Amino acid sequence: MTAVSSILLSLFSLYPALTLLSALVVYITTTRIQQYRRLSHIPGPAGTGISWMWNSRAVISGKAYKYYADATERYGAIARIAPNHLITSSPELWAHINAVRSPYKRAEWFYHAARFEPGKDNVFTECDTATHDNRRKKLAAGYAGKENPTLEPSIDGNVADFIHLIRTKYAAPASSAHATLPMDMATKMQYFSMDVISEVALGAAFGNLKANADVNDHLKALEEGLRINNKSFGLGTSWIRGVPILGKAISPSETDERGYGRMMAEARKSIVARKLKGTDERSDMLASFIRHGVSGDDLFQEIFETLLAGSDTTSASLRVIVLYILSHPRVYAKLQAEIDATVKARTAAPTSSDIIPDAEVRKLPYLGVVVREAMRVHPPVVCLFSRVVPKGGDVVTVEGKDVFLPGDTMIGCSAWGMHRNNKTLYGADADVFRPERWFVDESIPEEKDRLARMYKTNDLLFGYGRWVCLGRVVALIEIHKAIFELLRNFDFAITNPHEPWTLFETMGLFAIGDMYVNVTERS
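Residues in the sequence shown are numbered consecutively from 1, following our numbering.
If you want it as structure tokens, here you go:
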């Protein structure tokens with residue numbers, strides 16, 4: 001036995017608690033030093049090399065998207081935000097990380113924090129790559145609408161209900177001097193998107209638009225659940241939900257009267273009711289999932305994820321697009337003129353009761369770039385989407401320099417930095433809403449090439465490679481139809497220009513409220 005060992009044994013026998021505490025301090029200090037050194041070549045905000053405090057503050061503030069964008073703006077397209085976590089605003093690097101055959105995998109730290117129930121995954125939270133890919137194959141046809149011939153008619157019906165609600169409850173007659181009742185566009189957009197996804201997924205809309213209310217408090221439960229999750233994630237306590245017995249006790253339960261639990265219970269009722277009708281009566285998402293082998297609790301997890309993600313992300317996109325249109329009169333006038341010309345030319349049906357077909361609305365060039373530009377300048381989803389660097393590490397090229405990423409390091413995406421702050425690609429006014437930037441002289445090779453890179457980067461809003469968003473098809477049909485029909489039928493004005501909405505980020509999604517507008521019916 002060495003002299004050092006003898007001394008340690010003697011100390012332990014005399015002061016066991018103190019010795020254990022000292023050993024723990026030494027272990028933590030050594031580990032932190034090792035973590036700091038392995039990523040010391042990548043700069044970041046003060047303290048991020050030894051502590052998660054900076055990231056926790058960012059998450060809890062409800063403005064993490066700005067913290068991350070500021071980090072990549074100040075320290076470069078790849079920056080450190082925690083001892084073992086990096087973030088990038090480089091579209092090229094993010095595409096490399098998410099390529100179809102990429103060896104990177106999802107980080108459990110991020111994705112398992114988004115689980116509804118401990119130990120139960122859906123296509124969004126599944127971190128085993130092979131299992132994820134298998135799930136996607138079973139869900140793809142349902143999301144793409146290939147087995148749902150009523151997909152577009154279902155969306156049309158809800159667009160019509162949306163227009164009817166506004167016309168009968170909020171819109172003043174054309175050229176009227178009468179006062180109008182301010183309408184919270186944020187809430188109505190949620191009603192619309194939740195009704196669309198519930199009908200597309202389960203065969204029947206929840207009925208929010210017809211009731212002009214949050215039926216069964218689904219939307220209230222969703223926001224409450226996201227805020228609880230966000231705080232837990234920011235405090236670094238999400239892992240507790242994985243502890244046997246304790247995790248289940250503090251996680252959402254279908255017996256809860258509020259939050260995720262309430263929404264889960266209501267969603268399960270809808271799923272059970274829809275399953276009783278079988279898959280032959282109506283071909284919707286649920287029917288498609290069942291036909292492709294999704295069953296048991298997996299079916300519930302996937303449908304619930306569809307309801308949550310399909311409503312929240314689409315409604316956020318619509319609110320962003322509408323706000324940027326209304327706050328830019330030049331764009332508003334130009335877009336409405338394009339819509340009016342389309343109606344006049346009978347590309348769209350001439351009566352307001354008929355909804356423009358998706359094939360026609362996608363031909364409108366200015367509407368197309370307005371949608372792209374609004375989601376670029378204000379990305380509606382700003383999740384980290386953390387990935388894990390493969391063992392052995394990876395050498396990547398960022399801003400013309402080779403950077404080594406050690407294995408098992410987490411790296412996420414700064415959507416705000418990648419899109420809104422990307423002056424290299426979008427120009428010096430990248431943070432300005434200017435749809436015309438998408439119209440370039442394609443006879444100039446350099447401009448044509450830059451436009452191609454703009455489109456490829458903008459498409460990253462919906463993910464890339466094996467993790468591209470399954471719901472993109474449905475979302476884009478909803479968005480283009482809704483914007484067209486809203487501006488076709490009504491004139492809108494922001495009620496409170498000094499504070500057009502309230503905004504709080506929860507787990508990468510935006511809780512948007514108090515978006516009041518005054519509405520006048522167009523003749």
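A virtual CB, placed ideally from N, CA and C, is assigned to each residue, including glycine. Remember, it's a predicted structure, so these values are computed and weren't measured experimentally.
**OP:** Answer yes or no: do G76 and P103 have a C-beta to C-beta separation smaller than 8 Å?
**Re:** No, they are not a contact pair.
Original post:
Are the beta-carbon atoms belonging to I50 and Y36 less than 8 Å from one another?
Top reply: In this structure, Y36 lies closer than 8 Å to I50 by Cβ.
Original post:
Which word fits R420, buried or exposed, when buried means at least 16 other C-beta atoms lie within 10 angstroms of its C-beta?
Top reply: Buried: at least 16 other Cβ atoms inside 10 Å.
**OP:** Kindly indicate the opening and closing residues of the alpha helix (DSSP H) around V196.
**Re:** In this chain, the alpha helix (DSSP H) harbouring V196 covers M185 to L202.
Original post:
Would P118 pass as a contact of S232 if the rule is Cβ separation under 8 Å?
Top reply: With contacts defined by Cβ atoms closer than 8 Å, P118 and S232 do not form a contacting pair.
Subject >> At least 3 beta-carbon pairs within less than 8 Å: the stretch 420 to 439 vs the stretch 122 to 137 >> reply: Contact fails: fewer than three Cβ-Cβ distances are below 8 Å.
Subject >> Inter-residue CB distance, V519 and A172 (contact presumed, cutoff 8 Å) >> reply: Sure, about 7 Å apart at Cβ, within 8 Å.
**OP:** Report buried or exposed for R330, applying the criterion of at least 16 other Cβ atoms within 10 angstroms of its Cβ.
**Re:** Per the 10 Å Cβ criterion, exposed.
**OP:** Report yes or no: do the stretch 380 to 391 and the stretch 402 to 416 share at least 3 C-beta pairs separated by less than 8 Å?
**Re:** Judged by pairs of C-beta atoms under 8 Å, the stretch 380 to 391 touches the stretch 402 to 416, as three or more such pairs exist.
Subject >> Nearest-angstrom Cβ-Cβ length linking S311 and S193, presumed shorter than 8 Å >> reply: Contact holds; Cβ gap of about 5 Å.
Original post:
When DSSP labels each residue in this structure, what does F404 get in the three-state scheme?
Top reply: Under the three-state reduction of DSSP, F404 is assigned to strand.
Original post:
Taking one C-beta from the stretch 332 to 339 and one from the stretch 358 to 378 each time, how about it: are there three or more such pairs within less than 8 Å?
Top reply: Contact between the stretch 332 to 339 and the stretch 358 to 378 is present: 3 or more CB-CB pairs across the two stretches fall below 8 Å.
**OP:** Kindly give me the distance between the Cβ atoms of L100 and R466, rounded to whole angstroms, as I take these residues to be in contact under 8 Å.
**Re:** Correcting the residue identity first, residue 100 is Val in this sequence and not Leu. Their Cβ separation, rounded to whole angstroms, is 5 Å, which keeps V100 and R466 in contact under 8 Å.
Original post:
From I494 to A113, what does the alpha carbon distance come to, in whole angstroms?
Top reply: Roughly 37 Å between the two C-alpha positions.
**OP:** Pull up the CB-CB distance for E540 and R167, whole angstroms please, since I reckon it's below 8 Å.
**Re:** Since the first residue shown for the chain is 1 and the last is 523, residue 540 is missing from the structure and cannot be characterised.
**OP:** Identify every residue that forms a DSSP beta bridge with L503.
**Re:** L503 is bridged to I512.
Original post:
Residue ranges of each alpha helix (DSSP H) run of no fewer than 4 residues wholly in the stretch 200 to 275, ordered along the chain?
Top reply: Whole alpha helix (DSSP H) segments, 4+ residues: 208 to 211, 218 to 235 and 246 to 250.
Original post:
Nearest-angstrom Cα distance between H132 and E126?
Top reply: Here the alpha carbon of H132 sits roughly 6 Å from the alpha carbon of E126.
Original post:
What is the residue span of the alpha helix (DSSP H) that F110 lies within?
Top reply: Counting along the chain, F110 sits inside the alpha helix (DSSP H) bounded by residues E108 to Y111.
Original post:
Going by beta carbon distance, what residues of the same chain come within less than 6 Å of Y332, once the five residues before and after it are set aside?
Top reply: Cβ within range, chain order: I325.
**OP:** Pair every Cβ in the stretch 55 to 71 with every Cβ in the stretch 497 to 508, then say whether three or more of these pairs are closer than 8 Å.
**Re:** Yes, since at least three Cβ pairs between the stretch 55 to 71 and the stretch 497 to 508 fall closer than 8 Å, the two stretches touch.
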